[in-house]
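Here the structure is laid out as structure tokens; the discussion comes afterwards.
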Amino acid sequence: MKSTTTRTEKRRADRRRTLRAAAAVPALATALAAGAALLPGTAFAQSGPSAEPVAQPAAQPAQATRGEAILVTARHTEERLESVPLAITAFSSESLEAQDIQSLNDISDNSPGFQFQNQAGGGSGRNDRSINNLTFRGLFLANVTPISQGGLVFIDGAPVINSTVPAIDDVARVEVLKGPQAAYFGRSTFSGAVNFVTKAPSYEFGGRIKAMFGNYGSNQVSGSVEFPLIDQVLALRVGGSHVFEGGQYTNSGDPNETFGDRKNDAVSAQMLFEPASNLKITGFFSYGEMHDGPPAQAALKNTEFNCDLGGTSGSYWCGALPNRMPEALIGGNYDLDAAAYDILIDNVDGYPTIFDPSFNPRSGLKRRTVQADLRMDWEMGNGMLLSSITAYHTDRTQTALDLTFRDTSGYPNPNFGIIPGAPSFNHWLLNYQTDISDFSQEIRLTSAQTNRLRWTLGASYFTANYDNGAIYGLNVFGSGNSSTLRNQKPETPAIFGALYFDITQDLTIGAEGRYQWDKIESSILASSSGVYYPEALVSRATFKSFSPRVTLDYAFAPDSTAYVLFSRGYRPGGFNDGYSALTPTEQAQIATSAGATYDEERLDNYEAGIKTAFWNGRASLRAAIYIDKYRAARWRTATPTIRTARPPSTC
């Protein structure tokens with residue numbers, strides 16, 4: 001019994017190790033991932049069958065320098081990466097710098113089982129900088145909006161709508177969590193989550209500056225300085241960054257204009273405040289602006305496709321795409337002449353807009369973001385920890401672009417001279433706007449982590465506001481019109497908890513769960529004719545769900561864990577706004593399987609994995625095999641309610 005007690009205490013003490021621990025997380029690693037077929041289909045979604053798992057090897061990035069251990073907070077407490085029974089790819093600040101990781105795209109390239117796409121439509125017409133879609137383990141989802149994502153970005157554990165991420169210079173660690181994470185992270189994490197942990201300042205004065213230059217005029221400059229205001233009590237870190245990526249494509253319609261230019265500017269501040277030995281308060285704030293030129297896109301006409309697949313339209317391309325698009329196809333009419341400026345920016349026709357279009361008075365994209373969070377940790381008696389995190393984020397974007405995606409100045413407009421205001425050539429301009437904000441609050445109480453029986457109890461609240469819509473400006477018919485303007489508002493209170501018990505000194509069982517009430521409201525604020533409804537059509541529904549996760553893990557050697565788990569996640573439900581806008585007679589003519597409201601999607605994940613280090617910490621193996629059962633959304637009937645619309649927001 002004495003020997004058993006000693007080993008148990010040693011294993012519990014391992015949970016308290018920090019970066020000073022001797023065991024290393026290696027710089028060289030290999031991972032295996034396996035999965036069932038996850039592409040959602042109608043029959044598959046309804047019946048939820050599983051497929052046999054097939055192992056798929058994938059390279060694992062170097063995650064830390066030799067001799068350094070990475071701590072992760074996937075379960076809202078600091079744990080060593082190798083001992084957490086979850087599939088995680090983690091990057092320390094050192095590995096982020098060593099691998100020159102600058103964005104979510106770079107993280108995706110170095111994370112097996114995770115793919116980031118920032119061209120998921122959203123109505124903006126761009127193939128980049130649009131709605132961010134995080135895909136985990138091949139489960140690609142359609143109809144993604146900022147409030148209905150399958151995977152979500154978090155900053156310091158707080159959700160961020162539309163996946164806006166902080167500057168990498170502000171980041172201490174990135175954790176890519178695969179599989180349902182709702183038990184700890186909440187809504188929109190039914191297939192995974194990416195958590196950015198920001199750097200806290202130290203009580204020593206220090207700073208850094210970095211500059212890089214590249215092709216096409218690309219350049220990057222960043223720097224930060226940290227300093228104590230009150231020694232061992234209050235410290236600050238302030239920083240800034242400028243990143244410019246030069247476009248490599250020339251506009252065939254304007255040789256002086258390039259496509260693909262991107263510019264990011266950001267300033268940030270971090271705070272560390274420790275007014276007492278058992279109270280720690282950290283804060284993070286960031287303000288950023290993005291200014292992009294026209295996107296690097298091209299379009300083919302029907303006559304330029306090479307096959308019709310037995311039809312008559314010819315709107316298909318069969319076989320491999322050409323390695324290089326003809327330069328003549330890479331073009332566009334992005335010059336905002338007086339007529340286009342009056343419509344798109346000054347909005348002389350008074351079309352309803354989300355916000356003042358003068359926010360971005362030129363072609364291309366402008367995006368403004370604000371990120372802020374405040375975290376408090378109070379160490380109570382008996383090793384208990386009371387934690388609170390409050391966060392607020394905003395994201396305002398406006399895109400002006402040419403919907404023909406090529407130079408059409410040589411294509412006469414047949415409406416010219418016939419319809420007043422019609423341009424002389426084929427011209428389609430768009431101004432698309434999105435305005436997103438979110439607020440979240442979480443509070444939790446955690447027991448001492450050295451106990452044989454450990455637990456966590458907590459509650460959270462999340463709300464967001466998402467507006468989107470467009471002005472179709474100067475087009476072949478003359479002055480354009482506003483598209484349908486929509487607003488979506490989720491409000492999600494939740495309670496969650498976890499219980500862990502050491503069955504033996506090496507075998508632990510855990511049970512986690514979250515119950516949430518996802519209250520969603522969707523409103524049509526203006527019709528496609530550009531006129532505000534006297535009363536807005538509003539759809540409301542509440543989706544209740546319980547997301548459990550059960551784990552069994554075995555520490556078979558130092559820094560080595562084998563585990564099995566079951567987890568369940570939900571993707572928020574929503575509404576068919578088009579169906580809601582129909583008359584009862586029109587609704588009756590639609591198939592009975594359709595309706596105004598669709599339920600949440602569900603994902604059941606069965607997983608087994610192993611993590612181990614060898615060769616004296618110079619290498620490690622992390623492997624996971626899983627079977628996912630996916631159930632698609634199902635229609636339910638609901639009667640939309642009516643409320644008074646908000647006042648128009650026009651220039």
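Everything in the sequence shown is counted per full-length UniProt numbering, starting at 1 for the first residue and increasing by one. Glycine included, C-beta positions come from ideal geometry on N, C-alpha and C.
- With a threshold of 16 other beta carbon atoms within 10 Å, D308 falls short and is exposed.
- A distance of 8 Å or more separates the beta carbons of T612 and S547.
- Spatial neighbours of T250 in its own chain (CB-CB distance under 8 Å, excluding positions within 5 residues in sequence) are listed in chain order as E257, T258, F259, E327 and I330.
- N616 sits in coil when the DSSP states are folded into three classes, being neither helix nor strand.
- Here the stretch 487-505 does not lie against the stretch 191-204, with fewer than 3 beta-carbon pairs under 8 Å apart.
- The C-beta distance from A298 to R368 rounds to 29 Å, too long to meet the 8 Å contact threshold.
- Cβ contact annotation for G206 (same chain, cutoff 6 Å, sequence separation greater than five): E226, in chain order.
- A contact between stretches requires three or more CB pairs, one per stretch, nearer than 8 Å, and the stretch 354-364 meets this requirement with the stretch 382-401.
- Around the CB of E204, fewer than 16 other CB atoms lie within 10 Å, so the residue is classed as exposed.
- Here S358 carries a helix assignment [DSSP, helix/strand/coil].
- Under the DSSP assignment, A183 falls in the alpha helix (DSSP H) whose first and last residues are A182 to F185.
- In the assembly as shown, E304 is an exposed residue. Its beta-carbon has fewer than 16 other beta-carbons within 10 Å.
- The three-state reading of DSSP puts G138 in coil, since its state is none of H, G, I, E or B.
- By the 16-neighbour rule on beta-carbons within 10 angstroms, T450 is exposed.
- Per DSSP, D106 is one residue of the alpha helix (DSSP H) stretching across L104 to D109.
- The Cβ atoms of S620 and F575 do not sit closer than 8 Å to each other.
- Membership of A340 in the alpha helix (DSSP H) is indicated by the continuous run A338 to L344.
- Going by DSSP, A296 is part of no alpha helix (DSSP H) at all; its letter is neither H nor E.
- Non-local beta-carbon contacts of G478 in its own chain, meaning distances under 7 Å to residues more than five positions away in sequence, involve I419, P420, G421 and A422 in chain order.
- The beta carbon of A608 sits closer than 6 Å to those of V564 and I625, all from its chain and outside the five residues before and after it, given in chain order.
- Distance from the CA atom of F116 to the CA atom of I281, rounded to whole angstroms, is 32 Å.
- Every alpha helix (DSSP H) of 4 residues or more that sits fully in the stretch 174-235 is shown, in chain order, as 182-185.
- As a beta-bridge residue in DSSP terms, C307 pairs with Y316.
- Residue I168 holds the alpha-carbon nearest to the alpha-carbon of H242 among A557, I168, N426 and T585.
- Comparing alpha-carbon positions, the option among E79, M376, N323 and P490 lying closest to I389 turns out to be M376.
- Around the beta carbon of A211, a 10 Å sphere encloses fewer than 16 other beta carbons of the protein chains shown; the residue is thus reported as exposed.
- Between N264 and G247, the gap from beta carbon to beta carbon reaches 8 Å or more.
- Per DSSP, S483 lies in no alpha helix (DSSP H) segment and is marked neither H nor E.
- Counting every other CB atom within 10 Å of its CB across the protein chains shown gives I343 a total of 16 or more, marking it as buried.
- Between G310 and R571 the beta-carbon gap is near 36 Å, outside 8 Å, which marks them as no contact.
- Per the coordinates, the alpha-carbon of Q516 lies some 4 Å from the alpha-carbon of A494.
- Residues of the same chain with a CB within less than 6 Å of the CB of G217, apart from the 5 flanking positions on each side, are G246 in chain order.
- Of A340, A296, A557 and G573, the smallest CA-CA separation from M325 is found for A296.
- Taking the CA atoms as reference points, Y341 sits about 12 Å from D349.
- Fewer than three pairs of CB atoms, one per stretch, sit closer than 8 Å, so the stretch 173-193 makes no contact with the stretch 270-278.
- Taking the Cα positions, E175 is about 19 Å away from G283.
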